[in-house]
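*Asks:* Below you'll find the structure I mean.
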Amino acid sequence: MFKHKWPSQNQRGAVVLVHGTGEHHGRYEHVAAYLNEQGWTVYTGDLPGWGRATGARGHIDSFSQYIETARMWTEEALKDISGEYPVFIMGHSLGGLIAARFVQVFERRHELSGLILTSPCMQLKLVVPEWKAQVARWLDRVWPTLTIPNGITPDMVSRDEQVQAAYKSDPLNYPKVSVRWFQELERAMTRAWEERGKLDIPVLIMQAGDDTIINADAVERFAEGIGPHATFQRIAGLRHEILNEPERDKILRQIGEWMNEKI
1 MFKHKWPSQN QRGAVVLVHG TGEHHGRYEH VAAYLNEQGW TVYTGDLPGW
51 GRATGARGHI DSFSQYIETA RMWTEEALKD ISGEYPVFIM GHSLGGLIAA
101 RFVQVFERRH ELSGLILTSP CMQLKLVVPE WKAQVARWLD RVWPTLTIPN
151 GITPDMVSRD EQVQAAYKSD PLNYPKVSVR WFQELERAMT RAWEERGKLD
201 IPVLIMQAGD DTIINADAVE RFAEGIGPHA TFQRIAGLRH EILNEPERDK
251 ILRQIGEWMN EKI
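116 is the number that the UniProt record's numbering gives to position 116 of the sequence shown; each next residue is one higher, with no gaps.
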């Protein structure tokens, strides 16, 4: 685990930020800058196997490694805040799945003021043929650390050409995932759907309308199943990384306004 904190000079709360597949926390510096201006200290870091964290690149033995990482960041935030200020947890894509699963199993989740998910990985857009799934399950037993390309290209993440160029040239991005990683992802998505009822704190889900990585229809169904305390917004025309699209400032303002409403 590699952790990092962006402190706010006028702190009125904290946000725990969980990044997505193959990337690192540094790609959210502009998000942290906005949150800091609004009084939110940001607790984050790099997930196991990515960025500056230790571990085999693109590999995990168990999804619980991600959940425990989110737990450590969150418990640090709660300890620092000491119950005086609100704490939110926010995750993008894979980070959204991690954040959701963490909240579902976190014994102290009612100490959190809310959960924010952007294009959360609740179902992949690309359907994997059954024969490939069988091969993956076999490889998971005999060669779990085998890595394969994750299939994400820069044009999938954003319409912004500068973002695309930075994504491609970033030495801390890693474009592969292991066979075990994929199997653990599938199992975690299944559990997230089964335990939607445990997301019983305020939830904001903002989904890219033109997402070619995540199934937007599935995310909408997931939100509907949470209940009336969930707010869902599907944003037409935006690609997967809504926080890196040309409309990012508007998206951040909407997230900030929702947080203000919840406190």
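The beta-carbon is built from N, C-alpha and C at its ideal position, and this holds for glycine as well.
Within 10 angstroms of its Cβ, does residue 249 collect 16 or more other Cβ (buried), or is it exposed?
*Replies:* For the purposes of this step, residue 249 is taken as the residue at position 249 of the sequence shown. It is exposed - the Cβ of residue 249 has fewer than 16 other Cβ atoms within 10 Å.
*Asks:* On a CA-only basis, which of 167, 188, 73 is nearest residue 155? Give me that one, please.
*Replies:* Against the sequence shown, residue 155 aligns to sequence position 155. Taking only the C-alpha atoms, the option nearest residue 155 is 167.
*Asks:* If we ignore side chains and look at the alpha-carbon of each, how far apart do residue 15 and residue 3 end up?
*Replies:* Here residue 15 corresponds to residue number 15 of the sequence shown, with the count starting at 1. Here residue 3 corresponds to residue number 3 of the sequence shown, with the count starting at 1. The straight-line gap from Cα to Cα measures roughly 14 angstroms.
*Asks:* Would you say the segment 168 to 176 touches the segment 142 to 157, given that touching needs at least three Cβ pairs under 8 angstroms?
*Replies:* In short, these stretches touch, since the Cβ pair count reaches three.
*Asks:* Helix, strand or coil: how does DSSP classify residue 64 here?
*Replies:* Mapped onto the sequence shown, residue 64 falls at position 64. In this structure, residue 64 counts as helix in the three-state DSSP scheme.
*Asks:* What residues are listed by DSSP as bridge partners for residue 132?
*Replies:* In the sequence shown, counting from the first residue as 1, residue 132 sits at position 132. Note: residue 132 sits in no beta bridge, so no partner.
*Asks:* Would you mind working out which of 241, 93, 43, 201 sits nearest residue 264, comparing C-alpha positions?
*Replies:* Here the chain comprises residues numbered 1 to 263, so residue 264 is not present and cannot be evaluated.
*Asks:* Do you know whose CA, among 89, 10, 181, lies nearest residue 143's CA?
*Replies:* On the sequence shown, residue 143 is found 143 positions in, with the first residue counted as 1. Of the listed residues, the one whose Cα sits closest to residue 143 is 181.
*Asks:* Starting from residue 253, trace the alpha helix (DSSP H) both ways and give me its first and last residue.
*Replies:* As a first step, residue 253 is located in the sequence shown; it is residue number 253 there, counting from the start. Where residue 253 is concerned, the enclosing alpha helix (DSSP H) stretches over 248 to 262.
*Asks:* Throw me the rounded Cβ distance for the residue 115 and residue 199 pair, which I believe falls under 8 angstroms.
*Replies:* Start at 1 with the first residue of the sequence shown, and residue 115 comes out as number 115. Start at 1 with the first residue of the sequence shown, and residue 199 comes out as number 199. Residue 115 to residue 199, Cβ: 7 angstroms. Contact.
*Asks:* Roughly how many angstroms separate the alpha carbons of residue 65 and residue 84, rounded to a whole number?
*Replies:* Start at 1 with the first residue of the sequence shown, and residue 65 comes out as number 65. Start at 1 with the first residue of the sequence shown, and residue 84 comes out as number 84. Answer to the nearest angstrom: the Cα atoms are 29 angstroms apart.
*Asks:* Among the residues of its own chain, which have a CB less than 7 angstroms from the CB of residue 225, if the five just before and after it don't count?
*Replies:* The sequence position of residue 225 within the sequence shown is 225, counting from 1. Excluding sequence neighbours, residue 225 sits near 196.
*Asks:* Excluding the 5 residues flanking residue 74 on each side, which residues of the same chain have their C-beta closer than 8 angstroms to its C-beta?
*Replies:* On the sequence shown, residue 74 is found 74 positions in, with the first residue counted as 1. Excluding residues within five positions, the ones whose Cβ falls inside 8 angstroms are 16, 43, 87, 89, 102, 106, 112.
*Asks:* Could you check if residue 110 is buried or exposed, using at least 16 other CB atoms within 10 Å of its CB as the buried criterion?
*Replies:* Indexing the sequence shown from 1 puts residue 110 at position 110. Counting Cβ neighbours within 10 Å, residue 110 comes out exposed, since fewer than 16 surround it.
*Asks:* Output needed for residue 128: all residues of its chain with C-beta closer than 8 angstroms, excluding positions within five of it in sequence on either side, in chain order.
*Replies:* Looking up residue 128 in the sequence shown gives position 128. Result list for residue 128: 136, in chain order.
*Asks:* Exposed or buried, what is residue 131 when buried is set at 16 or more other beta-carbons lying within 10 Å of its beta-carbon?
*Replies:* Locating residue 131 in the sequence shown gives position 131, counting from the first residue. Answer is exposed; the Cβ neighbour count stays below 16.
*Asks:* Compute the beta-carbon to beta-carbon distance between residue 238 and residue 208, rounded to the nearest angstrom, for a pair I have assumed lies under 8 angstroms.
*Replies:* Here residue 238 refers to the residue found at position 238 when the sequence shown is read from its first residue. Here residue 208 refers to the residue found at position 208 when the sequence shown is read from its first residue. Yes, they are in contact, since the Cβ atoms of residue 238 and residue 208 sit about 4 angstroms apart, within 8 angstroms.
*Asks:* Taking the alpha carbon of residue 158 as the reference point, which residue from 56, 170, 185, 243 has its own alpha carbon closest?
*Replies:* Position 158 of the sequence shown, counted from the first residue, corresponds to residue 158. Cα-wise, what sits closest to residue 158 is 243.
*Asks:* Between 186, 39, 26, 76, which lies nearest to residue 53 when the distance is taken from Cα to Cα?
*Replies:* One-based indexing of the sequence shown puts residue 53 at position 53. Among 186, 39, 26, 76, the Cα nearest to that of residue 53 belongs to 26.
*Asks:* Assuming residue 233 is part of the alpha helix (DSSP H), what are its boundary residues?
*Replies:* Working through the sequence shown from its first residue, we reach residue 233 at position 233. Segment 230 to 235 is the beta strand (DSSP E) holding residue 233; no alpha helix (DSSP H) there.
*Asks:* Ordered along the chain, which non-local residues of its own chain (more than five positions away) have a Cβ less than 7 angstroms from that of residue 47?
*Replies:* Locating residue 47 in the sequence shown gives position 47, where the first residue counts as 1. Only 19, 53, 66, 69 meet the Cβ criterion.
*Asks:* Compare the beta carbon distance of residue 23 and residue 170 with 9 angstroms and say whether it is the shorter of the two.
*Replies:* Numbered from its first residue, the sequence shown carries residue 23 at position 23. Numbered from its first residue, the sequence shown carries residue 170 at position 170. It is a contact, given that the beta carbons lie within the stated cut-off.
*Asks:* What residue does the alpha helix (DSSP H) around residue 43 start on, and which one ends it?
*Replies:* Taking the first residue of the sequence shown as position 1, residue 43 is located at position 43. Note, residue 43: premise wrong, no alpha helix (DSSP H); beta strand (DSSP E) at 40 to 46.
*Asks:* Counting along the chain, where does the alpha helix (DSSP H) carrying residue 219 start and finish?
*Replies:* Locating residue 219 in the sequence shown gives position 219, counting from the first residue. First-last of the alpha helix (DSSP H) with residue 219: 216 to 226.
*Asks:* List the residues that DSSP assigns as beta-bridge partners of residue 206.
*Replies:* Translated into the one-based positions of the sequence shown, residue 206 becomes position 206. According to DSSP, residue 206 bridges with 118, 233.
*Asks:* For residue 310, which of helix, strand or coil comes out of DSSP?
*Replies:* Summary: the structure shown does not reach residue 310, with the chain confined to residues 1 through 263, and so no result is reported for it.
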